[in-house]
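Protein chains in written order, with our numbering: chain W, 1 to 205; chain U, 206 to 410.
For glycine and all other residues, C-beta sits at the position ideal for the given N, C-alpha and C.
Since the structure is predicted, the reported quantities are computational estimates derived from the model, not experimental observations.
Here it is in structure tokens:
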């Protein structure tokens, strides 16, 4: 299959999130109109995106959620489980660790690390917070491909370097700062304020 | 000016976030190539997006960050300050309250609310956590237009209803659940896992 464009991959990911939540709420089918309301993508675009991958929808009934989820997972190649190292056991780290959102999509937090003696050794769910000096061993032992940085901006570059050194190739950066990494490493910055900026644009105009 | 498309508004918001961070790191100019590395938007698209709003860039020098920030803020109409009510003083709420990311873009958290007797009355930065029963008065007194929901999924719909009842017209939903609101209310769901899904797609393919 051809490589998806960034836009298509981003929209499919958004559909997947909504479908997962709708399923949790007890729904079995969903219409393109409903998908549109939750994702802010217009219904015509949604039907076009989904029609490319075969027939999932029936007029008047909507899409079967289970089969659509399975298809999108296959297209995005996220059917497998992926292991995450979470760096930072502060408020944000704890919020991420206790959220279902990663687990819903096949990501599993298998290690939580920090530098603070107050944090190291404490329990977060079923995991014990480990010292950052154990990073290399944890990444190797647990086949970790994704690192989540939930740390203050001033600590983020050094910790990103350590993640890359340990073998992590995708960094999910919540610190707000801009990171410099090798070309074969992907950094994704999560910026809630950015979403809010454009929501506001659409509200004010 | 014509209304921007969703895609353009989203990209401009991402540029704005990167420009703000670059400025904090002491940079005065930035090239379309650098903007591309941080936003994952291709340089041709970036030049096209920015060329539509006048001449900011000089070949070989890059864009002047200050003037580009001012222009994008004007285009997105976010030059003014906007007041936020944050609902939920758990780990996620505290992480949001302590982050610079909203303040960087002209959003100010002016009220933090919770239902728990353990939280109400405690201090978060310079704010005191207030009981949710004070919501209507706080929204009115502080001219609040945006509500941020940092609460568990099972509490989110009821609290969204209360925000709307109080007069809030943009809800930023971190709870992961799907909300049903009146047509004149905008809900934006923040889903870190969704970003991660498509980052992983590009990494694996």
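Taking only three categories from DSSP, how would you classify residue i?
i: residue 319 of chain U; result: strand
i: residue 391 of chain U; result: strand
i: residue 63 of chain W; result: strand
i: residue 350 of chain U; result: strand
i: residue 8 of chain W; result: helix
i: residue 179 of chain W; result: coil
i: residue 413 of chain U; result: Past the boundaries of the shown model lies residue 413 of chain U; chain U is included only from 206 to 410, so the question cannot be answered.
i: residue 42 of chain W; result: coil
i: residue 87 of chain W; result: strand
i: residue 18 of chain W; result: helix
i: residue 69 of chain W; result: helix
i: residue 374 of chain U; result: coil
i: residue 279 of chain U; result: helix
i: residue 253 of chain U; result: helix
i: residue 123 of chain W; result: strand
i: residue 356 of chain U; result: coil
i: residue 369 of chain U; result: helix
i: residue 128 of chain W; result: strand
Return no unless some Cβ of chain W is closer than 8 angstroms to the Cβ of residue i.
i: residue 268 of chain U; result: no
i: residue 304 of chain U; result: yes
i: residue 411 of chain U; result: Residue 411 of chain U is absent from the structure shown; chain U starts at 206 and stops at 410.
i: residue 209 of chain U; result: yes
i: residue 336 of chain U; result: no
Below 7 angstroms, is the gap between the Cβ of residue i and the nearest heavy atom of the ligand FMN?
i: residue 103 of chain W; result: Here there are no bound small molecules, and the ligand FMN is not part of this structure.
I need the straight-line Cα distance from residue i to residue j, nearest angstrom please.
i: residue 197 of chain W; j: residue 287 of chain U; result: 10 angstroms
i: residue 124 of chain W; j: residue 80 of chain W; result: 24 angstroms
i: residue 230 of chain U; j: residue 348 of chain U; result: 33 angstroms
i: residue 188 of chain W; j: residue 172 of chain W; result: 5 angstroms
i: residue 228 of chain U; j: residue 273 of chain U; result: 11 angstroms
i: residue 200 of chain W; j: residue 375 of chain U; result: 7 angstroms
i: residue 178 of chain W; j: residue 61 of chain W; result: 46 angstroms
i: residue 206 of chain W; j: residue 381 of chain U; result: Residue 206 of chain W falls outside the range modelled here, since chain W spans only 1 to 205, and no answer is possible.
i: residue 306 of chain U; j: residue 390 of chain U; result: 23 angstroms
i: residue 51 of chain W; j: residue 174 of chain W; result: 34 angstroms
i: residue 19 of chain W; j: residue 121 of chain W; result: 37 angstroms
i: residue 208 of chain U; j: residue 388 of chain U; result: 19 angstroms
i: residue 247 of chain U; j: residue 368 of chain U; result: 39 angstroms
i: residue 166 of chain W; j: residue 181 of chain W; result: 13 angstroms
i: residue 236 of chain U; j: residue 10 of chain W; result: 25 angstroms
i: residue 339 of chain U; j: residue 355 of chain U; result: 17 angstroms
i: residue 215 of chain W; j: residue 86 of chain W; result: In this structure chain W extends from 1 to 205, so residue 215 of chain W is not present and cannot be described.
i: residue 158 of chain W; j: residue 147 of chain W; result: 13 angstroms
i: residue 270 of chain U; j: residue 63 of chain W; result: 46 angstroms
i: residue 7 of chain W; j: residue 357 of chain U; result: 30 angstroms
i: residue 28 of chain W; j: residue 21 of chain W; result: 11 angstroms
i: residue 241 of chain U; j: residue 156 of chain W; result: 20 angstroms
i: residue 84 of chain W; j: residue 280 of chain U; result: 38 angstroms
i: residue 277 of chain U; j: residue 395 of chain U; result: 22 angstroms
i: residue 322 of chain U; j: residue 99 of chain W; result: 23 angstroms
Answer yes or no: does any C-beta atom of chain U fall closer than 8 angstroms to that of residue i?
i: residue 125 of chain W; result: no
i: residue 121 of chain W; result: no
i: residue 105 of chain W; result: yes
i: residue 108 of chain W; result: no
i: residue 50 of chain W; result: no
i: residue 197 of chain W; result: yes
Is there a C-beta anywhere in chain C that falls below 8 angstroms from the one on residue i?
i: residue 405 of chain U; result: In the structure shown, chain C does not exist; the protein chains are W and U.
Along the stretch 81-94 of chain W, what residues have a CB closer than 9 angstroms to any CB found in chain U?
82, 84, 90, 91, 92, 93, 94
If contact is defined by three or more beta carbon pairs under 8 angstroms, each pair taking one atom from either stretch, is the stretch 335-354 of chain U in contact with the stretch 309-325 of chain U?
yes
Selection of the stretch 214-226 of chain U by Cβ proximity to chain W, strictly under 8 angstroms:
214, 215, 217, 218, 219, 221, 222, 223, 226
Please name the residues in the stretch 345-369 of chain U whose beta-carbon is closer than 9 angstroms to at least one beta-carbon of chain W, in chain order.
350, 351, 353, 355, 358
Along the stretch 167-188 of chain W, where does the CB come closer than 7 angstroms to a CB of chain U? Name the residues.
169, 170, 172, 176, 177, 178, 186, 188
Inter-stretch contact at 8 angstroms, needing at least 3 Cβ pairs: the stretch 85-95 of chain W / the stretch 288-299 of chain U:
yes
Tell me whether the stretch 33-47 of chain W and the stretch 97-107 of chain W touch, counting them as touching only if at least three CB pairs, one residue from each stretch, are closer than 8 angstroms.
no
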